[in-house]
Amino acid sequence: MKFHANYPYLYMMKNGTDSNVHVFEVKDTSSYYTIVQFMDDKGTSREIPWDAYERVPGQSLEQFDHRQATVASGGASLAPRDVHKIVCELNRMLQQHGTLAKPDAPVHISASEGDAGVLQIGLAGERTVLVFPDQLQYGPVAQLETWKGIENRHEWLVERFGIHPRESEYERLNLYDRFRLQLQDIPSHVPIYVWHNREAGGETARKLILAWLQDTRNETYTVPFKVDDRSDVKNIKTTLMSQLAENAEPVAKNEGHLLAWKTFSRQVGELRIVNNGQLLTVPVSAYDEEIERAVDQVKKVNDEGFASATEVIQTVLANGEPHIQHLGFLFFEYRIYELIIHQKRLIMSGNPRRMNRIKVKRVTEKFHA
1010 MKFHANYPYL YMMKNGTDSN VHVFEVKDTS SYYTIVQFMD DKGTSREIPW DAYERVPGQS
1070 LEQFDHRQAT VASGGASLAP RDVHKIVCEL NRMLQQHGTL AKPDAPVHIS ASEGDAGVLQ
1130 IGLAGERTVL VFPDQLQYGP VAQLETWKGI ENRHEWLVER FGIHPRESEY ERLNLYDRFR
1190 LQLQDIPSHV PIYVWHNREA GGETARKLIL AWLQDTRNET YTVPFKVDDR SDVKNIKTTL
1250 MSQLAENAEP VAKNEGHLLA WKTFSRQVGE LRIVNNGQLL TVPVSAYDEE IERAVDQVKK
1310 VNDEGFASAT EVIQTVLANG EPHIQHLGFL FFEYRIYELI IHQKRLIMSG NPRRMNRIKV
1370 KRVTEKFHA
């Protein structure tokens, strides 16, 4: 794909010999685009062809002006990956053109997607709150400071967890790219506060964010925090302001945060837990035996030894230590499928597409067809 920026328009050719040029216009200049926002802005579904214009033979993309060109008949379809690349280019054009307002007050970063809402409520007002776009308690994190590592993680997650039906396959990649641009846009005189919980996902993201910020001149602080009662808005604001004053820790510059991240992220294992205050990397199969024990605990004698998969996961979470509970339902759902399909340690009955419709049993149990 080849791009040319002619603000507020972005021109794109699928290849150097393409006779048609796709044209995309920036309409929302209040923030960087996500794929969802771009699709809404375009007013186009994934199935409807995109507008394209005819290019005069021999005309370069830099010479092209769609306002003097003929609309191509039928338009053309774009794959989801194409849309992802287009959104990334649109955002770079926005950054280069300097359209977006840059923050002048302190910037607060939530190291966990799950805590973003609390911070946005508690820090409402003039403060900018950026959200790290992932949860890093499981999945590969090696080279995540690079685009190659981000793509490797994306492929691993899609292969094992699939895609949310309302999201593009590339939405998370787009959010990573958008987050990096937002970090680059922070003026050097603006203080940065990285808020993180003591759970594995938040601690891991904190390490990565500090690696990305290592060469900036901004005064940077980390703020470990916890909000027990999230139902009371007034309490949230009071709690966060108190913890900001008491817990903010200045981050020394050039202390090797990038090296520390590289060393940590290349540890063998794709599961991270916090145990006794330590962030540890363990095999992704570390709690498979917990699943099998839960199957034995909730299996029904009158159902040939089968146990509801949902009840199994609920039992694992209820019986587990906090670091197990923080892995969440989706992780153990993935491990049950792994034990059924690849490791053959569990037998399944029911609709494999719906976790709440399947039952499982140990392979050591006799199965009567």
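Residue numbers (our numbering): 1010 to 1378.
Glycine residues also receive a C-beta, built at the ideal position from the N, C-alpha and C atoms.
Bear in mind that the values here come from a model prediction, so they are computed numbers and not experimental data.
Should residue i be labelled buried (16 or more other beta-carbon atoms within 10 Å of its own) or exposed?
i	result
W1156	exposed
N1360	exposed
N1285	exposed
G1131	buried
K1353	exposed
E1180	buried
A1120	buried
H1117	buried
K1308	buried
G1134	exposed
T1026	exposed
G1314	buried
According to DSSP, what are the bridge partners of residue i?
i	result
Q1287	N1284
N1029	E1063
M1048	DSSP lists no partner for M1048.
A1316	V1369
T1229	I1201
L1355	R1371
S1119	V1140 and W1204
If you draw a straight line from the C-alpha of residue i to the C-alpha of residue j, how long is it?
i	j	result
L1383	V1236	A query on residue 1383 cannot be resolved here, the shown segment of the chain reaching from 1010 to 1378 and no further.
A1378	S1358	Residue placement at A1378 is flagged as unreliable, the pLDDT there being 40, under the threshold of 50; a coordinate-derived value is accordingly withheld.
R1064	E1122	44 angstroms
D1305	A1316	8 angstroms
A1125	N1256	18 angstroms
R1169	Y1343	7 angstroms
K1368	D1297	16 angstroms
F1273	K1111	32 angstroms
H1031	S1086	10 angstroms
R1363	Y1346	11 angstroms
Q1193	P1149	25 angstroms
P1200	D1238	28 angstroms
D1074	T1137	37 angstroms
L1109	Y1018	16 angstroms
M1048	S1197	33 angstroms
L1070	E1178	29 angstroms
R1302	H1266	40 angstroms
K1011	P1089	16 angstroms
Using a Cβ-Cβ cutoff of less than 7 angstroms, which residues in the same chain neighbour residue i once the five nearest sequence positions on both sides are dropped?
i	result
E1258	Y1230 and T1231
E1212	H1205, V1283 and L1288
R1275	A1151
L1153	I1159, R1162, L1217 and S1274
Between residue i and the rest of its own chain, which residues show a CB-CB distance below 6 angstroms, the 5 nearest in sequence each way excluded?
i	result
A1014	M1102
L1145	G1210, T1213 and A1214
Excluding the five sequence neighbours on either side, which residues of its own chain have a C-beta within less than 8 angstroms of the C-beta of residue i, listed in chain order?
i	result
E1299	V1325, N1328, G1329 and I1333
T1043	V1096, E1180, N1183, L1184 and R1187
With a cut-off of 8 angstroms, do at least 3 Cβ pairs link the region 1182-1189 to the region 1022-1038? Taking a cut-off of 8 angstroms for Cβ pairs, the region 1182-1189 and the region 1022-1038 do not touch, as fewer than three such pairs fall below it.
Are at least three pairs of beta-carbons, each pair with one atom in the region 1065-1079 and one in the region 1088-1107, less than 8 angstroms apart? These segments do not touch.
Can you find at least 3 beta carbon pairs, one from the region 1157-1170 and one from the region 1203-1214, that sit closer than 8 angstroms? Segments in contact, no.
Taking contact to mean 3 or more Cβ pairs, one atom from each stretch, closer than 8 angstroms, check whether the region 1162-1171 and the region 1212-1227 are in contact. Segment contact: the region 1162-1171 against the region 1212-1227, fewer than three CB-CB distances shorter than 8 angstroms; contact not assigned.
Any contact of the region 1239-1251 with the region 1267-1283, i.e. 3+ C-beta pairs under 8 angstroms? Output reads no: the region 1267-1283 does not touch the region 1239-1251.
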